[in-house]
Each structure stands twice: as C-alpha cells, then as structure tokens.
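Just so it is clear: in the sequence shown, position 8 is 8 by UniProt numbering, and no numbers are missing.
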Amino acid sequence: MPVTPTRWLAEYAWLPEHAEPTPDVLIEVEDGRITALTPLLAAGGPPAGIEVLRDATRLPGLTLPGLSNVHSHAFHRALRGRTHGGRGDFWTWRDQMYAIADRLDPDTYLALARAVYAEMALAGITCVGEFHYLHHRPDGGAYADPNAMGAALVEAAAHAGVRLTLLDTCYLTSSVDGQALAGPQRRFGDGDATHWAERATAFQPADPHARVGAAVHSVRAVPADQLRTVADWARDRQAPLHVHLSEQPAENDECRAVHGRTPTALLAEHGVLGPDTTAVHATHPTSGDLTLLGESRTGVCLCPTTERDLADGIGPARRMADVGIRLSLGSDSHAVIDLFEEARAVELDERLRTRRRGHFAPVDLLTAASTAGHAALGWADAGRIAVGARADLVTVRLDSARTAGVPPVGVFFAAAAADVEQVVVDGRVVVAEGQHLSVDVPAELSAAIEAVTPA
Ligand SMILES: [Zn+2]
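Structure representation (structure tokens):
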C-alpha cells in the first residue's frame, strides 16, 4: 500500500533535550516514522522556501511526543466513583475490585478495555502497559484458549488505536507466607511459575501494535523461590519486567516477618531488579531499597492519582531521581486518566511533603510522561519527537479555558486530558478535534461498565 508522506506544521513542538517547546516546527512523517524536523525560525525559513508549507497541515497549540501510561489495570475503570461512600483503605477497595474481576469474560473485557483504551487515546496516551492477571475462568479453569483474556486486551488496543505492552503477570499466592489463592483470586493463578511461563510463552500476538512483557504481581503473590523463573523468562526475551513494590507498609512488614528483608532486597536477591525492570509505586522504600533500585538501574513507575485515591502515601520521587532511578507514570486504577495530572502530582506531592517548591523542571515531567515510559514498556523508538522515532504526536490546545494565556512550557501545570486536540499514533490520526475517530468513548464506557457492575 503506498504511503503518503505527511507534513505537519506545529505552532510549538517539544523536542528532545529542550528545556522548553520550540515554535514553528515542520514535522515530516512517512510510513509511521518521523523523517525530518525543521524548526523554521532557527533554520531561517522552510527548507525549500514557502512551497513546502502549502501541503503542511497546521497544528495550533503545543505538540508533544506520545504519552505513555506505564501501569494499567483496564477493568479498574469500572470502579471509578463507586468506592467513596465509606471509610476503609486499599484492602477494602480491593474487595470491591474483586467483585468486578469476578464478572469479566473475554467478550465483556474486550468491550470494557476497548472503551478504556480509547479514553486513554483521548488523553494523549499512545502506548499503555497492561499489568494483566485476569487469566482464567472465575473458578480458575482455563479458557479453551488459555490466553483468551490477553488476546481480548490486544484486540481492544487495536480498536482504540494505541500500542500495548501486555505485561503477563504471574500471580500464585495470596500472602507473603504462601497461602493459596481463594475466591475471586483463583482466576489469577497458573499453579506455579513454570506453568505461568508455559502459558506466557504460548502467547505470541503477531500484531505490530502489541508486544508481551512479564510481571511479578508482588512479593505477596509470587513465592521467593519462583521469582527467578519469571525474571529469567523476561531476560531471555529482552522483554520488560514489572512488579508492584512496597505500595503498602503492610507488605513490607509481612515480607520482613517471613523473609527477614524488605521486598526490594528480596527481589534483588532473586534476580528481579535490573535495567529492564520497572517497580510500580515503591511508595514505602527504605534508604537501602533506594540504593538497590538505583544501583541496579531499575526504573520506578509512580501512579500518583491512584496512590492518592487509595490513601497509599507519597513515594519519594526526588530521592529516587537523585539516586539515578528513571521515573515513569501510570494511571493504574484509572480513578483519573490524565497524564498531565499524574505528571504535575510528582512535583506537587513533593511540595506538600517538604513545604518547598521547585523539585522537578517541566521537562523532567515530560520525560517521565513520554520517553521514560515508552522505554519502560519496551518501545525505545517512541516517546520523542525526533528523526527516526515513531510518529506519535499529541497536540494540546493552548486556547482552552484552562490553557489560555499559559506559556507552552507551563502546560504540565495547567492542561487537562480534555485539552488534547489531536493524537497521531505511528503516523495515523486516532483523535481529531478532541474526538476519537472510531470509538464513541462515553457511550461505550457506560454500556461496558453497566454490563460488569454487580447489581
Ligand atoms: Zn497496579
């Protein structure tokens, strides 16, 4: 199929290594890749005179690289706004989450995930990491295709027009001391890590928008002597490896009681940490944990709006960055799907903790929301507006009620997901004029959530 080269003229574009956006950037795209970039002011005009601009499509506002949502559980979106009636904590919220998990099958999950991923596309998210553990039937038995639920997620991402890293999650036990899965958790389990690896190996989606990585659910859910099986599976494939880490003080206490060390130390001992590993949350690390994460070049995915929603606490983002930990962002439970909100929370939460301002520069927030996140999901050629990179372009309005009068560099402190005007993924327009081109997002969300919500 012949591919027409495309020229976009961005009013502002945020280019790699630049502290702030550049005005008037001509972005040329062919076959899903950026082939040329010309900042017109710096170049003294367009490369071949004004002619080259005739067929360029203007992009008013600020064009960012595609945003990356590193940590998602798509089905949690069905809980939004339903868990605020009483008191409780992470653990009482989890019971409500399990009630939804119990009601999903490959068809209802496809419908729900398609709508959720399309909501992400509307928010400028071009790539999502799905931390997937709803593998089997509610009673724990396998579907005819043991990867039917994962396949539904891959298909959902294709419908929504976003790329997906399916992080196939090993989930074997319900506590650090190895208690068996029970009730709604039964469908998460593969018996042991060897059986998990067999199933994960069998799942090889051919779709160019998807790739498979691995996840250790947490030190609660994978026995210490089986951690290395998951880590080796990922390492053999040079695939991303993710793990929930120290989201709750209770997890740290249990791990110390059973293993005599912190969850981070346990993961280090069993080969889970490393440059292709992303620890999700890491809200309650010790100083020693931060050293282990930094020295092993493990990344951390912060999920500030979920951590806020679940009363988890505030992760020490600045201390992490200071020991060389690469930070990325995820919307996790989807209490909010807005990477601008996640990004500014990294700075604003530090302000609340320290009562001082100025911990992260705007470009640091952009990097966490784009380049670092794509790398954590195994798409190193995305998340930058650069020649050769995937043509993921997210254009944000600078004339909305929220962004009017805001300098482009201030967009992460002003914009909301609703200010995303256009989204291009791999050179293809997915969102135009603030609307998804193939999914009626509000209608599909309503129907899909109603279908899985307990009466
Ligand atoms: Zn999670």
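We put the beta carbon where it would ideally sit given N, CA and C, even for glycine. All figures in this text were calculated on a predicted structure; none of them were measured in a lab.
Taking Cβ positions, are Pro304 and Glu342 nearer each other than 9 Å?
Numbered from its first residue, the sequence shown carries residue 304 at position 304. Numbered from its first residue, the sequence shown carries residue 342 at position 342. It is a contact, given that the beta carbons lie within the stated cut-off.
Evaluate residue 465 with the Cβ neighbour count: other Cβ atoms within 10 Å of its Cβ, from every protein chain shown; 16 or more gives buried, anything less gives exposed.
Residue 465 lies beyond the residue range present for the chain, which begins at 1 and ends at 455; the question has no answer from this structure.
For Leu273, does the count of other Cβ atoms within 10 angstroms reach 16, so buried, or fall short, so exposed?
Here the question's residue 273 lines up with position 273 in the sequence shown. Leu273 should be labelled buried.
Which whole-angstrom value is the C-beta distance of Phe131 and Leu167, which I expect to be below 8 Å?
Locating residue 131 in the sequence shown gives position 131, where the first residue counts as 1. Locating residue 167 in the sequence shown gives position 167, where the first residue counts as 1. Sure, about 5 Å apart at Cβ, within 8 Å.
Going by the beta-carbon positions, is the gap between His270 and Leu227 smaller than 9 Å?
As a first step, residue 270 is located in the sequence shown; it is residue number 270 there, counting from the start. As a first step, residue 227 is located in the sequence shown; it is residue number 227 there, counting from the start. In this structure, Leu227 lies closer than 9 Å to His270 by Cβ.
From Pro60, Leu348, Ala279, pick the residue whose C-alpha is nearest to that of Ala414; which is it?
As a position in the sequence shown, residue 414 is number 414, starting the count at 1. Looking at the Cα atoms, Leu348 is the closest of the given residues.
Distance CB(Ala391)-CB(Ile34) smaller than 9 Å
As a first step, residue 391 must be located in the sequence shown, where it is residue number 391. As a first step, residue 34 must be located in the sequence shown, where it is residue number 34. In contact: Ala391 and Ile34 (Cβ atoms closer than 9 Å).
Could you pull out every residue in the same chain whose Cβ sits closer than 6 Å to the Cβ of Ser296, ignoring the five residues on either side in sequence?
By one-based count along the sequence shown, residue 296 stands at place 296. Result list for Ser296: Leu273, Gly274, in chain order.
Does the stretch 417 to 433 touch the stretch 80 to 99, meaning 3 or more C-beta pairs lie closer than 8 Å?
no
Given Ala36, which residues of its chain have a CB within under 7 Å of its CB, disregarding the five upstream and five downstream residues?
Residue 36 sits at position 36 when you count from the first residue of the sequence shown. Around Ala36: Glu28, Val387.
His359 CB to nearest heavy atom of ligand 1 below 8 Å
As a first step, residue 359 must be located in the sequence shown, where it is residue number 359. Checking the Cβ of His359 against ligand 1 gives no.
Going by C-alpha distance, which of Pro39, Gly32, Tyr117 is nearest Asp332?
For the purposes of this step, residue 332 is taken as the residue at position 332 of the sequence shown. Looking at the Cα atoms, Tyr117 is the closest of the given residues.
If I follow the unbroken beta strand (DSSP E) through Val336, where does it start and stop?
Position 336 of the sequence shown, counted from the start, is the residue given in the question as residue 336. Premise fails: Val336 is in no beta strand (DSSP E) and is neither H nor E.
Excluding the 5 residues preceding and the 5 following Asp139 in the sequence, name in chain order all residues of the same chain whose CB lies nearer than 7 Å to its CB.
In the sequence shown, counting from the first residue as 1, residue 139 sits at position 139. Counting only Cβ-Cβ distances below 7 Å, and skipping sequence neighbours, we find Arg186.
Whose CB is closer than 6 Å to a heavy atom of ligand 1? List the residues in chain order.
His71, His73, Phe131, His244, Val280, Asp332
Secondary structure, beta strand (DSSP E): runs of 3+ residues fully inside the stretch 145 to 171:
163 to 170
Enclosing alpha helix (DSSP H) for Gly288 [first to last residue]:
For the purposes of this step, residue 288 is taken as residue 288 along the sequence shown, with counting starting at 1. Residues 287 to 295.
Using DSSP with H/G/I as helix, E/B as strand and the rest coil, what is Thr35?
For the purposes of this step, residue 35 is identified with residue 35 of the sequence shown, where counting begins at 1. DSSP places Thr35 in strand when its eight states are reduced to three.
Is it right to say Thr194 is buried, meaning 16 or more other beta carbons lie within 10 angstroms of its own, or is it exposed?
As a first step, residue 194 must be located in the sequence shown, where it is residue number 194. Exposed.
Spatial neighbours of Val336 in its chain, beta-carbon cut-off 6 Å, leaving aside the 5 residues before and after
Residue numbering aside, residue 336 sits at position 336 when the sequence shown is read from its first letter. Taken in chain order, the residues that qualify are Thr305.
Check each candidate in Pro285, Asp276, Ala451 and name the one with the smallest Cα separation from Leu241.
Counting from 1 along the sequence shown, the entry for residue 241 is found at position 241. Of the candidates Pro285, Asp276, Ala451, the one whose C-alpha sits nearest the C-alpha of Leu241 is Asp276.
From Leu365 to Gln422, what does the alpha carbon distance come to, in whole angstroms?
Position 365 of the sequence shown, counting from 1, holds the residue named residue 365. Position 422 of the sequence shown, counting from 1, holds the residue named residue 422. Answer to the nearest angstrom: the Cα atoms are 21 Å apart.
Going by beta-carbon coordinates alone, are Ala368 and Leu329 separated by less than 9 Å?
By one-based count along the sequence shown, residue 368 stands at place 368. By one-based count along the sequence shown, residue 329 stands at place 329. Cβ distance < 9 Å, so Ala368 and Leu329 count as in contact.
Which word fits Arg356, buried or exposed, when buried means at least 16 other C-beta atoms lie within 10 angstroms of its C-beta?
Within the sequence shown, residue 356 is the residue found at index 356, counting from 1. Exposed.
Is it a yes or a no for the stretch 206 to 215 touching the stretch 155 to 163, going by three-plus beta-carbon pairs under 8 Å?
yes
Please classify His281 as buried or exposed, where buried requires at least 16 other C-beta atoms within 10 Å of its C-beta.
For the purposes of this step, residue 281 is identified with residue 281 of the sequence shown, where counting begins at 1. Buried, since its Cβ has 16 or more Cβ neighbours within 10 Å.
DSSP state of Trp14 mapped onto helix, strand, coil
Position 14 of the sequence shown, counting from 1, holds the residue named residue 14. The answer is coil: DSSP assigns Trp14 none of H, G, I, E or B.
Smallest Cα separation from Gly427: which of Asp105, Ala382, Thr201?
On the sequence shown, residue 427 is found 427 positions in, with the first residue counted as 1. It is Ala382.
In its own chain, which residues sit with a C-beta less than 8 Å from the C-beta of Arg326, not counting the 5 before and 5 after it?
Translated into the one-based positions of the sequence shown, residue 326 becomes position 326. Correct list, in chain order: Arg297, Gly299, Val300, Ala372, Ala375, Ala376.
Helix, strand or coil: how does DSSP classify Phe203 here?
If you number the sequence shown from 1, residue 203 lands on position 203. It is coil, neither helix nor strand.
The stretch 103 to 117 contacting the stretch 62 to 78, beta-carbon criterion three pairs below 8 Å:
yes
Excluding the 5 residues flanking Ser438 on each side, which residues of the same chain have their C-beta closer than 6 Å to its C-beta?
Indexing the sequence shown from 1 puts residue 438 at position 438. Closer than 6 Å at the Cβ level, and outside the excluded window around Ser438, lies no residue.
Rounded C-alpha distance that separates Leu26 from Thr6:
To locate residue 26, count along the sequence shown from 1; it is residue 26. To locate residue 6, count along the sequence shown from 1; it is residue 6. Between Leu26 and Thr6, the C-alpha separation is close to 10 Å.
Pairwise C-alpha distance: Thr395 and Cys127:
For the purposes of this step, residue 127 is taken as residue 127 along the sequence shown, with counting starting at 1. For the purposes of this step, residue 395 is taken as residue 395 along the sequence shown, with counting starting at 1. Looking at the two C-alpha atoms, the distance is approximately 16 Å.
Quick check on the burial criterion: 16 or more other C-beta atoms within 10 angstroms. Buried or exposed for His217?
The residue given as residue 217 occupies position 217 in the sequence shown. The residue in question, His217, is buried, as its Cβ has 16 or more Cβ neighbours within 10 Å.
Using 9 Å as the limit for Cβ to Cβ distance, is Glu307 near chain C?
Of the protein chains in the structure, only one exists, and it is not chain C.
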